[in-house]
Amino acid sequence: MNSLGNKGITLIEIILAAAVSMTVMLSVAIFLSTGNKSYNEAKKELNLQAESQILMNQICDSILEANYIEDYNLAKQQCVLYQINEDTSLIKDKKILWYDGQANLYCFKEEKATFEPNEECLMARHVKAINIENDGSLVTVSLTLNQGNREYQVENKVRLRNKLVELNS
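In UniProt numbering, the protein residues as written are 1 to 169.
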């Protein structure tokens, strides 16, 4: 009798090939998901650092333009920056930096009876804390931004270029 040649794939070979390919695909999937998670975390931190740097630059520019700075008021959670004529009779510009206590910092260019926070006045989101200390010709700005489990702190000292005006109240 002529025996038939065993040409083809057996069920065991198919099961082994499927197991090996599933192991390879699972390893690739884990590798890709880990890389994606690391990328997203790094992107969040980079966005937080960029937002804090932009915010710090905006605040420092406003401080450099001012010639009278009210100390940061913790009760009102605001700092008022003025540009006043040398004779102190006319306020050229007034900016109010206001922290709403809910992670948003606003900049109002004119004083109103009530603040109406909107997207136009919004300077930054994710603000956890802000402090502005005026020591004469040196102003220290401290910011803490928080997004998810990421927290970023930055501090900057600004030496004023305009002579501060003294108001006679």
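For each residue, glycine too, the CB sits at the ideal point set by N, CA and C.
Problem set entry | DSSP three-state assignment for I12, whether helix, strand or coil | helix
Problem set entry | Same chain only: Cβ atoms within 8 angstroms of A113, ignoring 5 sequence neighbours per side | Residue placement at A113 is poorly supported in this model, since its pLDDT is 49, which falls under 50; the coordinates still yield a value, given next. So the list is empty, once near-sequence residues are dropped.
Problem set entry | Between the CA atoms of L48 and Y152 - distance to the nearest angstrom | 7 angstroms
Exercise. If you count every other CB in all the chains shown that lies within 10 Å of the CB of E51, and 16 or more means buried, which is it?
Worked result: buried
Problem set entry | S52 (DSSP reduced to helix, strand or coil) | helix
Exercise. For Q77, which residues of its own chain have a beta-carbon under 7 angstroms away from its beta-carbon, when the five flanking residues on both sides are left out?
Worked result: W98, Y99 and G101
For this session: Can you say whether L145 is buried or exposed, counting buried as having 16 or more other CB atoms within 10 angstroms of its CB?
Result: buried
Problem set entry | Expected contact under 8 angstroms - CB spacing of M123 and Q83 to nearest Å | About 18 angstroms; that fails the 8 angstroms criterion.
For this session: Pull up the distance between the alpha-carbon of I63 and that of K43, whole angstroms please.
Result: 30 angstroms
Exercise. Would you call K163 buried or exposed, if buried means 16 or more other Cβ atoms sit within 10 Å of its Cβ?
Worked result: exposed
For this session: Run the CB neighbour count on residue 170, radius 10 Å, all protein chains shown included, and call it buried at 16 or more, exposed below.
Result: One cannot answer for residue 170 here, as it falls past the ends of the chain, which runs 1 to 169.
Problem set entry | Cβ neighbour criterion (16 or more within 10 Å) applied to K109 | exposed
Exercise. Looking at the structure shown, is E110 part of a helix, part of a strand, or coil, going by DSSP?
Worked result: coil
Problem set entry | Segment limits, beta strand (DSSP E) that includes C121 | Here C121 belongs to no beta strand (DSSP E), and DSSP marks it neither H nor E.
Problem set entry | Three-way DSSP call (helix, strand, coil) for K43 in this model | helix
Exercise. Alpha carbon to alpha carbon, how far is residue 172 from T23?
Worked result: With the chain covering only 1 through 169, there is no way to say anything about residue 172.
Exercise. If you follow the beta strand (DSSP E) that E151 is part of, which residue opens it and which one closes it?
Worked result: R150 to R159
For this session: Note down, in chain order, each residue of its chain lying with its Cβ closer than 6 angstroms to the Cβ of L81, except the 5 sequence neighbours on either side.
Result: S62, A66, I69 and K95
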